[in-house]
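S.K.:
Number of protein chains: 2
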Amino acid sequence: MRTRRAEYSESTRQALVDSAVDLFTKRGYAGTSLDEVVKRARVTKGALYHHFSGKQALFEAAFTQVETRSIESLTAVVTAEGDAWETATAGLRAYVRKCLEPEYQRIIVHEAPVVMGWERWREAEEHFSFGLLRTAVQLLVDAGEIDELPVEIMARLLFGALSAGASTIASSSDPKRTGREVERAILRVLEGLRKK
Amino acid sequence: MRTRRAEYSESTRQALVDSAVDLFTKRGYAGTSLDEVVKRARVTKGALYHHFSGKQALFEAAFTQVETRSIESLTAVVTAEGDAWETATAGLRAYVRKCLEPEYQRIIVHEAPVVMGWERWREAEEHFSFGLLRTAVQLLVDAGEIDELPVEIMARLLFGALSAGASTIASSSDPKRTGREVERAILRVLEGLRKK
DNA sequence: CACCGGTACGTACCGTCGGTATGTGAGATA
DNA sequence: TATCTCACATACCGACGGTACGTACCGGTG
């Protein structure tokens, strides 16, 4: 049953997460104080500690929100019908674009592995971007487009390359041009894996 | 002239850096307190703040020490005479092994980009591992081994892939096996870029 | 050798921040 | 309407990064 109190509560929680995403993106995890988070959300630390067990948990909530919203747009691209190769490359391009959004870049790519610990980050990513990427690679193998190889490993390498590529674009003086170059380079790598 | 005071001072500084490398490796940047660092070095915070402007500066000193010591062994491999292809692949293997050392993995690969900021990290890496990798890629292009392509970009992608590969190995339940798989996968990627 | 200046620290302290304990009032329940 | 409960607010604590200041000792000078 949907009571009024539950709505208020959910709204408060959402405000906290939104505030957290915003500040973590701008100033990073260590540079963000909880006092500031609650101030922006127009609540107090009491509210924060009622909804979350601490700063780490708040970060994970922010992480989940950014990932959940990201995965929606990406899934649409990757699950589209049609040629496997076309689908996969479209997915790559979509992911690179996603990595360029400040929230994704800062929270998911840069901060999360350190804040959550690489192990925990890896585990969480199974259900999000990385899981999607691995699925895409698996599809290519199944479709016979690329050589037989350990999908898990290759997906890891690609994931790392994509993240590095996105960071390069983001800090470039000419993002447009760098973006095209990164895209071409990644496609070139994939072409290299393609069966003749 | 090498005075006694200068030697004592240098020794103190070195003890601080060693202590910092050790603790940053075990507990990460945020998880390491300066009180603990100075305790291990058997000095006080006064000494620390005499030698370094703050925690960040201490981290950069630790970063530089780990990188400087790493670069020596790697340079030997990459500057060896002989076939460019052989040299490059040997360099890749050497780098992956280096990434498996806890100090390198934690401080250089995982923490540094967040603690120093990606921009500053990128700048520092120019003189260390990344600079070496780019040189290796450039050599392959010059030797006509791989296709013409933006060396900078390709080096970035490879760097990301290698880091991800190393992290995967490090957290694997069977590092030996995963290590071989990662090596093979990376060589496969490089083979794909090779001219026919 | 006496003196002095500066370097290389040690000590005491401050502000900030993550986290906790407890109070409280609005809304659900009977 | 009385009570209970939950969703916060308030007040406070300890840890930690950083600063201000005191001091001992080394090295040069007359």
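If you read the protein sequences in the order shown, they are chains A and B. Residues 8 to 203 in the working numbering are what the first sequence lists, from first letter to last. Residues 8 to 203 in the working numbering are what the second sequence lists, from first letter to last. Beta carbons: idealized from backbone N, C-alpha and C, even for Gly.
Nearest chain A C-beta to T175 (chain B) closer than 8 angstroms, yes or no?
M.R.: In the second sequence, residue 175 (chain B) corresponds to position 168, counting from 1. True, the Cβ-Cβ gap to chain A drops below 8 angstroms.
S.K.: Is it true that the region 51 to 66 of chain A meets the region 97 to 104 of chain A, where meeting means three or more beta-carbon pairs spaced less than 8 angstroms apart?
M.R.: These segments do not touch.
S.K.: Please classify K105 (chain A): is it buried, with 16 or more other beta-carbons within 10 angstroms of its beta-carbon, or exposed?
M.R.: For the purposes of this step, residue 105 (chain A) is taken as the residue at position 98 of the first sequence. By the 10 Å Cβ count, K105 (chain A) comes out buried.
S.K.: Applying the 10 Å Cβ sphere with the 16-neighbour rule, what's the burial state of A64 (chain B)?
M.R.: On the second sequence, residue 64 (chain B) is found 57 positions in, with the first residue counted as 1. Counting Cβ neighbours within 10 Å, A64 (chain B) comes out exposed, since fewer than 16 surround it.
S.K.: Leaving out five residues before and five after E7 (chain B) in sequence, what residues of the same chain have Cβ atoms less than 8 angstroms from its Cβ?
M.R.: Since the first and last residues shown for chain B are 8 and 203, residue 7 (chain B) lies out of range.
S.K.: If I follow the unbroken alpha helix (DSSP H) through D154 (chain A), where does it start and stop?
M.R.: By 1-based counting over the first sequence, the position of residue 154 (chain A) is 147. It is not in any alpha helix (DSSP H) - D154 (chain A) carries neither H nor E in the DSSP assignment.
S.K.: Apart from the five residues just before and just after L219 (chain A), which ones in its own chain have a Cβ nearer than 7 angstroms to its Cβ?
M.R.: Here chain A covers residues 8 to 203 and nothing more, so residue 219 (chain A) does not appear.
S.K.: Where do the ends of the alpha helix (DSSP H) carrying V45 (chain B) lie?
M.R.: Stepping through the second sequence from its first residue, residue 45 (chain B) is reached at position 38. V45 (chain B) -> alpha helix (DSSP H) spans 41 to 47.
S.K.: List the residues of chain A that I193 (chain B) touches, going by C-beta distances under 8 angstroms, in chain order.
M.R.: As a first step, residue 193 (chain B) must be located in the second sequence, where it is residue number 186. The answer, in chain order, is L164.
S.K.: Roughly how many whole angstroms lie between the Cα atoms of G199 (chain A) and A162 (chain B)?
M.R.: Working through the first sequence from its first residue, we reach residue 199 (chain A) at position 192. Working through the second sequence from its first residue, we reach residue 162 (chain B) at position 155. The straight-line gap from Cα to Cα measures roughly 16 angstroms.
S.K.: Output needed in chain order: residues of the region 133 to 161 of chain A with a Cβ under 9 angstroms from some Cβ in chain B.
M.R.: The residues in question are D154, L156, P157, E159, I160, M161.
S.K.: Per DSSP, which one or two residues make a beta bridge with R201 (chain A)?
M.R.: Here residue 201 (chain A) is taken as the residue at index 194 of the first sequence, counted from 1. DSSP, once it has assigned bridges, lists A:I153 as partnering R201 (chain A).
S.K.: Where do the N-terminal and C-terminal ends of the alpha helix (DSSP H) with Y56 (chain B) fall, by residue?
M.R.: The residue labelled residue 56 (chain B) in the question sits at position 49 within the second sequence. That run of the alpha helix (DSSP H) goes 52 to 58.
S.K.: Of the choices A:T39, A:L156, A:R9, whose alpha-carbon is the least far from that of K202 (chain A)?
M.R.: Start at 1 with the first residue of the first sequence, and residue 202 (chain A) comes out as number 195. K202 (chain A) has its Cα closest to that of A:L156, out of A:T39, A:L156, A:R9.
S.K.: For T185 (chain A), which option in A:V196, A:G151, A:A171 has the closest C-alpha, if you only look at C-alpha atoms?
M.R.: As a working note, residue 185 (chain A) is residue 178 in the first sequence. Checked all of A:V196, A:G151, A:A171; the closest Cα to T185 (chain A) is A:A171.
S.K.: CB R141 (chain B) to CB G35 (chain B), shorter than 8 angstroms?
M.R.: On the second sequence, residue 141 (chain B) is found 134 positions in, with the first residue counted as 1. On the second sequence, residue 35 (chain B) is found 28 positions in, with the first residue counted as 1. No, these two residues do not count as a Cβ contact at 8 angstroms.
S.K.: Please state the DSSP three-state secondary structure of Y36 (chain B).
M.R.: Taking the second sequence and counting its residues from 1, one reaches residue 36 (chain B) at position 29. Correct three-state label for Y36 (chain B): coil.
S.K.: May I have the straight-line CA-CA distance separating H134 (chain A) from E67 (chain A), to the nearest angstrom?
M.R.: Locating residue 134 (chain A) in the first sequence gives position 127, counting from the first residue. Locating residue 67 (chain A) in the first sequence gives position 60, counting from the first residue. Cα to Cα, the separation comes out at about 14 angstroms.
S.K.: Counting C-beta neighbours from all protein chains within 10 Å, is the total for E74 (chain B) 16 or more, i.e. buried, or is it exposed?
M.R.: Numbered from 1 along the second sequence, position 67 holds the residue referred to as residue 74 (chain B). Looking at its Cβ environment, which holds 16 or more other Cβ atoms inside 10 Å, E74 (chain B) is buried.
S.K.: Helix, strand or coil: which one does DSSP assign to H117 (chain A)?
M.R.: Position 110 of the first sequence, counted from the first residue, corresponds to residue 117 (chain A). Of the three classes helix, strand and coil, the one that applies to H117 (chain A) here is helix, per DSSP.
S.K.: If you drop the 5 nearest sequence neighbours on each side, which residues of the same chain put their C-beta closer than 6 angstroms to that of K46 (chain A)?
M.R.: Along the first sequence, read from residue 1 onward, the residue named residue 46 (chain A) stands at position 39. Cβ within range, chain order: n/a, list empty.
S.K.: Let me know the alpha helix (DSSP H) ranges lying completely inside the region 126 to 150 of chain A, each 4 residues or longer, listed in chain order.
M.R.: The qualifying runs are 136 to 149.
S.K.: For Y15 (chain B), is the classification buried or exposed, using 16 other Cβ atoms within 10 angstroms of its Cβ as the cut-off for buried?
M.R.: The residue labelled residue 15 (chain B) in the question sits at position 8 within the second sequence. That one is exposed.
S.K.: Give the DSSP-derived three-state secondary structure of A87 (chain B) in the structure shown.
M.R.: Taking the first residue of the second sequence as position 1, residue 87 (chain B) is located at position 80. In the structure shown, A87 (chain B) sits in coil (DSSP, three-state: anything other than H, G, I, E or B).
S.K.: Consider the Cβ of S180 (chain A): report whether some Cβ of chain B lies at a distance smaller than 8 angstroms.
M.R.: Position 173 of the first sequence, counting from 1, holds the residue named residue 180 (chain A). Taking Cβ atoms only, chain B never reaches closer than 8 angstroms to S180 (chain A), which makes this a no.
S.K.: Just the C-alpha distance for V24 (chain A) and A13 (chain B), rounded to the nearest angstrom, thanks.
M.R.: Here residue 24 (chain A) corresponds to residue number 17 of the first sequence, with the count starting at 1. Here residue 13 (chain B) corresponds to residue number 6 of the second sequence, with the count starting at 1. Cα-Cα distance, rounded: 52 angstroms.
S.K.: Got a sec: is the Cβ-Cβ distance from V196 (chain A) to anything in chain B below 8 angstroms?
M.R.: As a working note, residue 196 (chain A) is residue 189 in the first sequence. True, the Cβ-Cβ gap to chain B drops below 8 angstroms.
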